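K.L.:
Below you'll find the structure I mean.
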Amino acid sequence: MEKVFVNDKDIVIPGEPLAEGFDFLPAGKAFREDEKIFASTIGLVYVKGRVIKVIPLAGKYMPKRGDIVIGKVTNIGHSGWTLDIDCPYLADLNIGEASSEYIDLRKASMNQFFDIGDYALTEVTAISEGMFVKLTAKYRPYRRLVGGTIIKVSPTKIPRIIGKAGSMIKMLKDHSNCDITVGQNGLIWIKGDAEKQALVSRIIKVIEKESHLPGLTDKIKHMLEGGK
Amino acid sequence: MGGKFGAPDKMIIGGKRLDGRKPDELRPITIKAGVIPSADGSAEITQGETKIVVAVYGPREVFPKHMSIADRACVECRYDMASFSTPERSRPGMSRRSTEISKIMAEALMPAIYLEKYPKTKIDIYVEVTNANAGTRCAAITAASVALADAGIEMRDMVVAVASGKVDGKLVLDMFEIEDNFGSADLPLAYMLRKGEITLLQMDGELTKEEIQELVEMNIEACKKIYAMQKKALQDKYSVEKKAMPDAGEENGN
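These protein sequence lines map, in sequence, to chains A and B.
No gaps in the numbering here: position 16 of the first sequence is 16 in the numbering used here, and each next residue is one more.
No gaps in the numbering here: position 150 of the second sequence is 1150 in the numbering used here, and each next residue is one more.
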């Protein structure tokens, strides 16, 4: 009864049957119902031995513990900051998590650390029962992101932008001499030469658009070397 | 039916309907995914003369806060007919009818969505009918399902919907405006193909038990055809981008 209904790298839609039989394991956005495995989102399917994996092609960011995210400060409260990390929930950065040193509010005001409108690189430490996201910026490399530019891409494309073992992002960094920081939530901070900054933003948009197509790495290399 | 003003004498002539279709034939349908770039997901459907655009936003924060559900997402649908969508100008804004369709649309789509994966969030579905020519609630459900998939929302299955009815004593599929106005019954149905579950079943008019059974089967057969179109629309969105970049393929060859 073991049977695979799809080919490797097929585009599948929600509810599409992928495989039949208990020998197969669903991974990514695939789920099992009785004997069969189905896709739960639109995505690319990967068949590797017994594992049937669906990589989504679209979707919003849902926070997970341990994710490194870039957030925008939207509010300053009595004991912390509220950050917009582009997900359906509010994210909270407590004052004790903002710096490795003790912050004495009699001597310093809170907007010296993070002001409204600032971007910060943080880590998700917990998601509470009430779906409040707790962040930390206590240790390096978590910090306020000064200067540079922020671009937004679909969070499902982040793995492609990073590449296999960081190959794509390394190529971008080496060719452009820019400082590039990628948040799991789809926000990317680029700092460097103004011209290079614009080039990197443009290239990342190309990666986002063509992430599911073959020959992408060659194309990006070509663009980085001054080609169209 | 002949009694109604403006009704044609006969609506089925020589086994064919007024627009030349066979009784169990669908109108020509085109579905396109991803038509609104600023929405999280969107779709456009034309079914004969009926034309509908659907936008999906979410999962996103719930406003007002008390609407949120602790363990799953809530779905809100807004079905609206453009004032120019009907032969007579329709008053803009929600009417008794559009409030009802909004509710039943959300309820028809909810069983397909993995709501428990998005606790305390909201999924908004905005439906805009730009040209109404019968069968709008079904076409809207079909398109909304494509828009939800386009938004990357996790779903158990796609929802497909189609209406059928009774005209001149004959059972017909996917009625157009004249048949809808002067026919004797109308039966919209929304269906999830994978498990064979019906998520919406309404009926207006007079039908016997046998006729209802026959219409339900006729609708389900048509749903299978529309499902193939939904799938093609979603796959096309990503292969169209492939065609727009001809050099991507060439470089791969080098």
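Even glycine gets a Cβ: it sits at the ideal position worked out from N, Cα and C.
Bear in mind the structure is a predicted one, so any value in this text is a computation, not a measurement.
Count the other C-beta atoms from every protein chain shown that fall within 10 angstroms of the C-beta of Ser1239 (chain B), then say buried if there are 16 or more, exposed otherwise.
P.N.:
Exposed, since its Cβ has fewer than 16 Cβ neighbours within 10 Å.
K.L.:
Looking at the secondary structure, which residues open and close the beta strand (DSSP E) in which Pro1059 (chain B) lies?
P.N.:
Where Pro1059 (chain B) is concerned, the enclosing beta strand (DSSP E) stretches over Thr1050 to Arg1060.
K.L.:
Which residue marks the beginning of the beta strand (DSSP E) containing Glu1128 (chain B), and which one marks its end?
P.N.:
Looking at the DSSP string, the run of the beta strand (DSSP E) that includes Glu1128 (chain B) is Lys1122 to Asn1131.
K.L.:
In whole angstroms, give me the CA-to-CA distance for Lys196 (chain A) and Asp179 (chain A).
P.N.:
For Lys196 (chain A) and Asp179 (chain A), the distance between alpha carbons rounds to 10 Å.
K.L.:
What does the alpha-carbon distance come out to for the pair Val73 (chain A) and Thr82 (chain A)?
P.N.:
When rounded, the distance between both Cα atoms is 6 Å.
K.L.:
Determine, using beta carbons only, whether Ile13 (chain A) comes closer than 8 Å to chain B.
P.N.:
For Ile13 (chain A), the answer is yes, since a Cβ of chain B falls inside 8 Å of its Cβ.
K.L.:
Kindly indicate the opening and closing residues of the beta strand (DSSP E) around Ser1164 (chain B).
P.N.:
Counting along the chain, the beta strand (DSSP E) containing Ser1164 (chain B) begins and ends at Val1159 to Val1167.
K.L.:
Is it true that the stretch 1032-1051 of chain B meets the stretch 1136-1156 of chain B, where meeting means three or more beta-carbon pairs spaced less than 8 Å apart?
P.N.:
Judged by Cβ distances under 8 Å, the stretch 1032-1051 of chain B makes contact with the stretch 1136-1156 of chain B, as three or more pairs qualify.
K.L.:
Looking only at its own chain, which residues have a Cβ that is under 8 Å from the Cβ of Asn111 (chain A), when we skip the five neighbours before and after it?
P.N.:
Correct list, in chain order: Ile76.
K.L.:
Could you check where the beta strand (DSSP E) with Phe31 (chain A) kicks off and where it finishes?
P.N.:
Ala30 to Glu33 is the span of the beta strand (DSSP E), which, as asked, contains Phe31 (chain A).
K.L.:
Rounded to a whole number of angstroms, what is the C-alpha to C-alpha distance between Pro1008 (chain B) and Gly1165 (chain B)?
P.N.:
Whole-angstrom Cα-Cα distance: 17 Å.
K.L.:
Could you have a look at Cys1223 (chain B) and say whether DSSP puts it in helix, strand or coil?
P.N.:
Here Cys1223 (chain B) sits in helix by DSSP.
K.L.:
Rounded to whole angstroms, what's the CA-CA distance from Glu1100 (chain B) to Ala98 (chain A)? Just pull it up for me.
P.N.:
If you take the alpha carbons of Glu1100 (chain B) and Ala98 (chain A), they lie about 50 Å apart.
K.L.:
Residues of chain A with a CB under 8 Å from the CB of Lys1263 (chain B): which are they?
P.N.:
Residue 1263 (chain B) lies beyond the range of chain B shown here (1001 to 1254); nothing can be said about it.
K.L.:
If we count the other Cβ atoms within 10 Å of its Cβ and call it buried at 16 or more, is Gly130 (chain A) buried or exposed?
P.N.:
Gly130 (chain A) comes out exposed.
K.L.:
Apart from the five residues just before and just after Lys1232 (chain B), which ones in its own chain have a Cβ nearer than 8 Å to its Cβ?
P.N.:
The residues are Ile1031.
K.L.:
Can you check DSSP and say which residues form a bridge with Lys191 (chain A)?
P.N.:
Lys191 (chain A) is bridged to A:Asp179.
K.L.:
Quick one: grab the DSSP three-state call for Asp1071 (chain B).
P.N.:
Looking at Asp1071 (chain B) - three-state DSSP - the assignment turns out to be coil, as it is neither helix nor strand.
K.L.:
Helix or strand or just coil, what does DSSP make of Ala1106 (chain B)?
P.N.:
Reduced to three states, the DSSP call for Ala1106 (chain B) is helix.
K.L.:
From Ile1198 (chain B) to Ser1145 (chain B), what distance separates their C-alpha atoms?
P.N.:
Distance between the alpha carbons of Ile1198 (chain B) and Ser1145 (chain B) is about 14 Å.
K.L.:
Which of the three DSSP states, helix, strand or coil, is assigned to Gln1235 (chain B)?
P.N.:
Reduced to three states, the DSSP call for Gln1235 (chain B) is helix.
K.L.:
Take the Cβ of Leu199 (chain A) as the centre, count every other Cβ of all protein chains shown within 10 Å, and call the residue buried at 16 or more, exposed below.
P.N.:
So Leu199 (chain A) ends up on the buried side.
K.L.:
Just to confirm my understanding: we take Arg1027 (chain B), look at its own chain, exclude 5 residues before and 5 after, and list those with CB closer than 6 Å. What are they?
P.N.:
Excluding positions up to five away in sequence, the list reads Gln1047, Gly1048 and Asp1174.
K.L.:
Enumerate in chain order the residues of its own chain whose CB-to-CB distance from Arg50 (chain A) is below 8 Å, with the five nearest sequence positions on each side excluded.
P.N.:
Asp23, Phe24 and Leu25, listed in sequence order.
K.L.:
Helix, strand or coil for Cys87 (chain A)? Go by DSSP, reduced to three states.
P.N.:
In the structure shown, Cys87 (chain A) sits in coil (DSSP, three-state: anything other than H, G, I, E or B).
K.L.:
Classify Lys1010 (chain B) as helix, strand or coil using the three-state DSSP reduction.
P.N.:
Reduced to three states, the DSSP call for Lys1010 (chain B) is coil.
K.L.:
State buried or exposed for Met1105 (chain B), treating a residue as buried only when at least 16 other CB atoms are found within 10 Å of its CB.
P.N.:
When all chains shown are included, Met1105 (chain B) counts as buried.
K.L.:
Suppose contacts are defined by Cβ-Cβ distances below 8 Å. Is Tyr61 (chain A) in contact with Asn185 (chain A) by that definition?
P.N.:
Yes, Cβ-Cβ distance for Tyr61 (chain A) and Asn185 (chain A) is below 8 Å.
K.L.:
Residues in its own chain within less than 8 Å of Thr1208 (chain B) by CB, not counting five upstream and five downstream?
P.N.:
None.
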